[in-house]
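Q: For the sequence shown, this note's numbering begins at 15 and goes up steadily by one. Backbone N, C-alpha and C fix where the C-beta goes; we use that ideal spot for every residue, glycine too. First the structure, which I've put down as structure tokens, then a few questions once you've had a look.
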Amino acid sequence: MFRKQAPIDTDFTHGPLAKNIFFYTIPIFLSGVLQLLFNAADTVVVGQYAGEEALAAVGSVGALNALLVCLFIGLSAGANVLTARFTGAQDEKSVQETVHTAVTVALIGGFLLTILGIVAVRPLLIMMGSPDDVLDLSVIYVRIIFMGMPIQMLYNFCSAILRAVGDTKRPLYFLTLSGVINVVLNLLFVIVFKMSVSGVALATVISQAVSAYLVVRALQLRPDAVRLNLRKLRLNRHILLKIVHIGLPSGIQSSTFALSNVLIQSSVNSFGAAAMAGNAAAASIGAFVSQGLESFTSSCTCFVSQNLGAKKPDRILRSTMLCQLLGGAFTGVLATLSCIFAAELLSIYNTDPAVIGFGLERLMTIHPFYVLGSIMSVFSGAIRGMGYSILSMTLSLIGVCALRVVWVLGVFPLNPTMSCLMYSFVASWILTGSLMTIFFVITYKKVKRTLG
15 MFRKQAPIDT
25 DFTHGPLAKN
35 IFFYTIPIFL
45 SGVLQLLFNA
55 ADTVVVGQYA
65 GEEALAAVGS
75 VGALNALLVC
85 LFIGLSAGAN
95 VLTARFTGAQ
105 DEKSVQETVH
115 TAVTVALIGG
125 FLLTILGIVA
135 VRPLLIMMGS
145 PDDVLDLSVI
155 YVRIIFMGMP
165 IQMLYNFCSA
175 ILRAVGDTKR
185 PLYFLTLSGV
195 INVVLNLLFV
205 IVFKMSVSGV
215 ALATVISQAV
225 SAYLVVRALQ
235 LRPDAVRLNL
245 RKLRLNRHIL
255 LKIVHIGLPS
265 GIQSSTFALS
275 NVLIQSSVNS
285 FGAAAMAGNA
295 AAASIGAFVS
305 QGLESFTSSC
315 TCFVSQNLGA
325 KKPDRILRST
335 MLCQLLGGAF
345 TGVLATLSCI
355 FAAELLSIYN
365 TDPAVIGFGL
375 ERLMTIHPFY
385 VLGSIMSVFS
395 GAIRGMGYSI
405 LSMTLSLIGV
415 CALRVVWVLG
425 VFPLNPTMSC
435 LMYSFVASWI
445 LTGSLMTIFF
455 VITYKKVKRT
465 LG
């Protein structure tokens with residue numbers, strides 16, 4: 015499958031930006047969509063063949079999983095930014111040190127997450143108010159998923175390194191193969207062997223192991239500075255501090271996002287299993303919509319980082335604006351389609367009218383405003399790419415996390431409906447998007463002056 019040849023990477027610092035951004039981002043977008051499709055397969059299979067409680071168990075733990083995992087995913091973003099910056103500066107020695115430090119962090123972090131997930135899942139789910147008829151199934155699912163955390167972290171860090179140097183196609187190919195394996199194993203374990211939530215969890219871990227092996231092998235066979243040599247794995251203190259400086263704020267930002275979503279999920283749990291299942295189905299559809307903005311946010315961070323290393327401020331600004339335009343267009347189209355076909359999409363997950371009703375309430379409240387989330391996300395990625403991760407984190411803590419907490423604790427009790435609860439997302443996008451826009455302008459002017 016692999017041959018030692020120079021990979022065809024996207025050129026971040028030269029050439030037409032619109033074309034390069036588009037063709038760089040499409041594989042990221044497709045990778046994300048495929049990953050969501052395969053994750054949705056977990057939800058669909060249990061919803062159709064294992065019942066409402068199994069669907070609620072699988073769908074209701076997403077926020078908790080994100081809360082536990084996001085800190086280390088943020089560190090992979092730090093590795094991505096640092097690799098892109100050193101590549102733009104043509105500093106091969108620093109690129110090598112970044113690659114091996116990042117992969118070491120991935121393995122250590124994965125093992126720590128395994129221990130944390132196994133020990134903490136039940137008390138955390140109880141704190142979230144998970145109903146008794148769902149709790150045991152949720153615990154089984156989460157514990158199996160977290161047994162595979164080292165390989166999941168390995169895939170995330172290694173694919174982040176590949177994206178940093180412009181290689182977005184091979185992670186797409188690897189994800190496609192592992193995703194097909196995931197779907198086949200889902201059907202086998204749940205329908206044939208009647209394994210319910212443990213079956214979909216085990217299928218996920220096995221398929222992730224395949225993608226992790228392939229992406230590691232891809233790095234091992236590259237002929238350039240990002241080539242991975244397992245014998246050189248170690249923590250370079252200087253590089254580790256840089257990864258932490260960039261990635262830790264991103265991880266904290268994502269973790270606090272997840273924390274606010276855990277609070278929202280706890281409120282959803284109060285409506286019962288049907289609401290949990292409907293919310294899970296609608297959230298799964300919403301993840302497809304947000305993939306457009308997330309893909310262009312990732313691209314924006316990489317393009318900004320490399321052009322910062324290459325000292326090209328004009329391309330930093332143009333990259334950001336093009337990512338805003340393209341990301342907004344993608345998100346708008348996907349959000350519109352999801353609203354038009356909302357009932358049909360929800361019925362794929364579960365045909366219970368009560369479940370579909372709760373799903374429609376979430377979907378039709380949030381999706382018309384998804385473009386606002388694109389503005390927030392892309393500017394956040396640009397600010398992070400320019401090296402101001404702490405600023406991006408702070409703005410998100412104020413505009414997203416704090417506002418959602420205030421909404422759940424102060425506004426929702428006055429009107430305890432699913433729609434009122436979901437408007438917390440819209441309000442946070444408006445506030446945070448406004449803050450990100452203002453501070454992007456301020457940060458870019460400062461960077462431009464620094465680069466001369």
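(1) Can you give the Cα-Cα distance for residue 406 and residue 412, rounded to whole angstroms?
(2) Among 114, 36, 194, whose alpha-carbon lies nearest the alpha-carbon of residue 248?
(3) Cα separation between residue 134 and residue 28?
(4) Rounded to a whole number of angstroms, what is the C-alpha to C-alpha distance between residue 374 and residue 324?
(5) Which ranges would you report for the alpha helix (DSSP H) in the segment 182-207 if only whole runs of at least 4 residues count?
(6) Among 403, 437, 53, 340, which one has its Cα closest to the Cα of residue 190?
(7) Nearest by alpha-carbon distance to residue 62: which of 344, 157, 291, 391 is it?
(8) So, at 6 Å on beta carbons, what are the nonlocal neighbours of residue 443 in its own chain, with the 5 sequence-adjacent residues on each side left out?
(9) Inspect the beta-carbon positions of residue 119 and residue 67 and report whether they are closer than 8 Å.
(10) Mark residue 20 as exposed unless 16 or more other C-beta atoms lie within 10 angstroms of its C-beta, in which case mark it buried.
(11) Grab the span of the alpha helix (DSSP H) containing residue 402 for me, first residue to last.
(12) Which of the three DSSP states is assigned to residue 222 in this structure?
(13) Under the three-state reduction of DSSP, which class applies to residue 164: helix, strand or coil?
(14) Please determine, among 102, 217, 432, 350, the residue with the shortest C-alpha to C-alpha distance to residue 285.
(15) Mind checking which residues open and close the alpha helix (DSSP H) that includes residue 280?
(16) At what residues does the alpha helix (DSSP H) containing residue 421 begin and finish?
(17) Within 10 angstroms of the Cβ of residue 267, are there 16 or more other Cβ atoms? Answer buried if so, exposed if not.
(18) Using three-state DSSP, classify residue 463 as helix, strand or coil.
(19) When we look at the beta-carbon of residue 370 and count the other beta-carbons within 10 Å, is it buried (16 or more) or exposed?
(20) When the distance is taken between beta carbons, is residue 98 closer than 8 Å to residue 215?
(21) What does a CB cutoff of less than 7 Å around residue 309 pick up in its chain, not counting 5 residues either side in sequence?
(22) For residue 164, count the other beta carbons within 10 Å of its own beta carbon; 16 or more makes it buried, fewer makes it exposed. Which is it?
(23) Tell me which same chain residues have a C-beta within less than 7 Å of the C-beta of residue 383, skipping the five on either side of it?
(24) Have a look at 295, 341, 296, 299 and flag the residue whose alpha-carbon is nearest the alpha-carbon of residue 314.
(25) For the segment 321-337 against the segment 170-187, do three or more pairs of beta-carbon atoms, one drawn from each stretch, fall closer than 8 Å, so that the two count as touching?
(26) Just verifying my parser: in three-state terms, what is the DSSP assignment at residue 366?
(27) Determine the direct distance from the alpha carbon of residue 273 to that of residue 264, and round the result to whole angstroms.
(28) Any chance the segment 231-239 sits against the segment 79-96, with 3 or more Cβ pairs inside 8 Å?
(29) Just the C-alpha distance for residue 51 and residue 393, rounded to the nearest angstrom, thanks.
(30) If you drop the 5 nearest sequence neighbours on each side, which residues of the same chain put their C-beta closer than 7 Å to that of residue 87?
(31) Can you tell me the Cα-Cα spacing of residue 116 and residue 254, whole angstroms?
(32) Nearest to residue 338 by CA position, among 294, 160, 454, 435, is which residue?
(33) Decide if residue 429 is buried, meaning its Cβ has at least 16 other Cβ atoms within 10 Å, or exposed.
(34) State yes or no: is the C-beta of residue 283 within less than 8 Å of the C-beta of residue 145?
(35) How about residue 295 and residue 363: do their beta carbons lie closer than 8 Å?
A: This is what the structure gives:
(1) Using only the alpha carbons, I get a separation of about 10 Å.
(2) 114
(3) 48 Å
(4) Going from the Cα of residue 374 to the Cα of residue 324 covers about 47 Å.
(5) 183-201
(6) 53
(7) 291
(8) 386, 387, 390
(9) no
(10) Low confidence applies to residue 20: its pLDDT is 44, below 50, so where it sits in the model is not reliable, and the reading given next is rough at best. Label assigned to residue 20: exposed.
(11) Where residue 402 is concerned, there is no enclosing alpha helix (DSSP H), given that its DSSP letter is neither H nor E.
(12) helix
(13) helix
(14) 432
(15) 251-283
(16) Careful: residue 421 lies outside any alpha helix (DSSP H) and carries neither H nor E.
(17) buried
(18) helix
(19) Residue environment: residue 370 is assigned as buried (16 or more neighbouring CB atoms within 10 Å of its CB, all protein chains considered).
(20) no
(21) 39, 42, 43, 46
(22) buried
(23) 440, 443
(24) Out of 295, 341, 296, 299, 341 has the C-alpha closest to the C-alpha of residue 314.
(25) no
(26) coil
(27) Rounded to whole angstroms, the gap between the alpha carbons of residue 264 and residue 273 is 14 Å.
(28) Cβ pair count under 8 Å is below three, so no.
(29) 27 Å
(30) 170, 265, 268
(31) If I take the Cα positions, the gap works out to 8 Å.
(32) 454
(33) exposed
(34) yes
(35) yes
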